[in-house]
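For reference, the structure discussed in these notes is given below.
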Amino acid sequence: MSSFFEALQSTNTDPESTQQAQHKYRIGLFGGESSGKTCILAALGMPLYRISNPAGFSVTWSTHSNQTGRTQLELAIQCLENKDLPLPTHAACQDLLTLVFNFTERGKTHLVEVTDYSGILLNPMLSKYDYTQLLLNRLREQDAILILAPALFSDDSDIINTDFIRQLNDLTRYFYNINEQNKKPREIPVALLINKWDRQISFDNPMYNGKGGMEKIWQSLEQFLHLSGSSSDKLPPPHAQLYSSLASSKGDKKIDEYQSGDLYRDYLTLRDGKPIGTNFAAFPVSAFGGYEIITNIDRVTLETVKEEIPRGFPMRSCCLEDPFIWAIRRCNELRISGDTHLSKWLER
7 MSSFFEALQS TNTDPESTQQ AQHKYRIGLF GGESSGKTCI LAALGMPLYR
57 ISNPAGFSVT WSTHSNQTGR TQLELAIQCL ENKDLPLPTH AACQDLLTLV
107 FNFTERGKTH LVEVTDYSGI LLNPMLSKYD YTQLLLNRLR EQDAILILAP
157 ALFSDDSDII NTDFIRQLND LTRYFYNINE QNKKPREIPV ALLINKWDRQ
207 ISFDNPMYNG KGGMEKIWQS LEQFLHLSGS SSDKLPPPHA QLYSSLASSK
257 GDKKIDEYQS GDLYRDYLTL RDGKPIGTNF AAFPVSAFGG YEIITNIDRV
307 TLETVKEEIP RGFPMRSCCL EDPFIWAIRR CNELRISGDT HLSKWLER
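Just so you know, we're using this note's numbering here: the sequence shown kicks off at 7 and counts up by one.
Okay, structure coming up:
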């Protein structure tokens, strides 16, 4: 076992004795193959190798917990330490992988069980009805869900992956179907993570890592999603339609009422510990904060972490903890409002 795991385990205590009475939040992580779920989870498990979160949020991996995804995460972290790209969890994997993390904000630590759905919801063999029912059943299992949609490359040489476009369009349609099938509002937090945001901006640029950098990052997401009439010579990416569908399905965000800067103002609300009040949010996320293109022995082109770890740390990860803290905060607001189990809202 590497020194990293030895150091990490020394900071963890036995969860059976210290976390027994602590509430466990259940958060589902959804995304297709190569959406970046494995890299995000690995980066969350490597806080010592990342820059600190500007909002003051932090996370540690609870290595002693009984987790079905522990072996996979250990291998992913070792890959990143060796500047190798972690192997993705194949969509054919039917086992739900779980991991337990401790997220801390404003002096409070929250126990979170993250379920990696391994792409099983993006199965083209399922009928429209079966897909919708499967997604609905998975939603019932969770207190909140995070949906990953990797960003496109910012340059014009980017080749649109038709399978990726289909996956985003399918997600858009199925969430719309669920909204149509259920007459009761579903008070469950849903966040859209536009992952691999380092494809869109360079975190080495002082514009994004200096004073006012976070506002610039959120402005770049606003422009990418074509919100508030953001001017662009390009057509809106498929992410924009998914954002609109999710926001509309949650019933508390109207796209036509969006005003320039709302995304950043929502971030400030989260950072400052103010009430969230809505069940949908979007986040620009990057596990590495930078990438370089490599070609493996099979002559396949891949993205990997830009610098060797630990010699090149810290990674300039972006907003990794934020969507989890947002989901925790919103879950607490919903529980305080009088309901004890969030999944009850998903009943038809």
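Cβ coordinates follow ideal geometry from the N, Cα and C atoms, glycine included.
Could you tell me the alpha carbon to alpha carbon distance between residue i and residue j, rounded to whole angstroms?
i	j	result
G219	L141	37 Å
L102	T74	8 Å
I83	E263	42 Å
L231	A246	5 Å
E80	T275	34 Å
N175	R32	26 Å
W143	I151	Correcting the residue type first, residue 143 is Asn in the shown sequence and not Trp. One C-alpha to the other measures close to 13 Å.
A293	Y55	11 Å
F209	Y135	42 Å
F107	S251	30 Å
K240	L233	13 Å
S133	R76	33 Å
L269	Q229	11 Å
R271	Q265	10 Å
P86	W67	Reading off the sequence shown, one finds Leu at residue 86, where the question assumed Pro. Answer to the nearest angstrom: the Cα atoms are 16 Å apart.
G216	N88	29 Å
Q78	K114	28 Å
S163	P243	In this predicted model, S163 has a pLDDT of only 43, less than 50, meaning its place in the structure is not dependable; the value taken from the coordinates is given anyway. C-alpha separation (whole angstroms): 15 Å.
T69	P212	35 Å
S343	Q139	28 Å
Y214	E39	29 Å
Y273	N72	33 Å
L248	F289	13 Å
Q28	S255	31 Å
L367	E193	The structure shown has nothing for residue 367, since the chain only spans 7 to 354.
A97	E119	With a pLDDT of 48 at A97, under the threshold of 50, the modelled position of that residue is not reliable, and no figure is offered here.
For residue i versus residue j, is the C-beta distance shorter than 7 Å?
i	j	result
A197	A253	no
R336	P195	yes
I200	A157	yes
G295	C324	yes
A49	P92	no
I46	R322	no
K30	L117	yes
Measure the beta-carbon distance from residue i to residue j and round it to whole angstroms, keeping in mind my assumption that it falls under 8 Å.
i	j	result
I334	F109	6 Å
F159	R205	5 Å
L154	S41	4 Å
F291	W203	The question names Phe, yet the displayed sequence has Val at residue 291. 6 Å between Cβ atoms; contact.
G279	Q148	That pair is no contact at about 24 Å.
Closest by CA to residue i, which one among the options?
i	options	result
E339	F289, F294, T284, P320	T284
D90	L145, T115, T44	T44
K222	L233, K240, S234, G267	G267
T121	R146, K240, S255, M52	R146
R277	T69, N59, T115	N59
F36	D149, S250, G216, Y123	Y123
P320	M52, T115, Y214	M52
Answer with yes or no whether the minimum CB distance from residue i to chain D is below 7 Å.
i	result
M321	Protein chains in the displayed structure number just one, and chain D is not present.
Examine the Cβ distances between the segment 319–337 and the segment 60–67 and report whether three or more of them are shorter than 8 Å. As far as the Cβ criterion goes, the segment 319–337 touches the segment 60–67, which means the pair count is three or higher.
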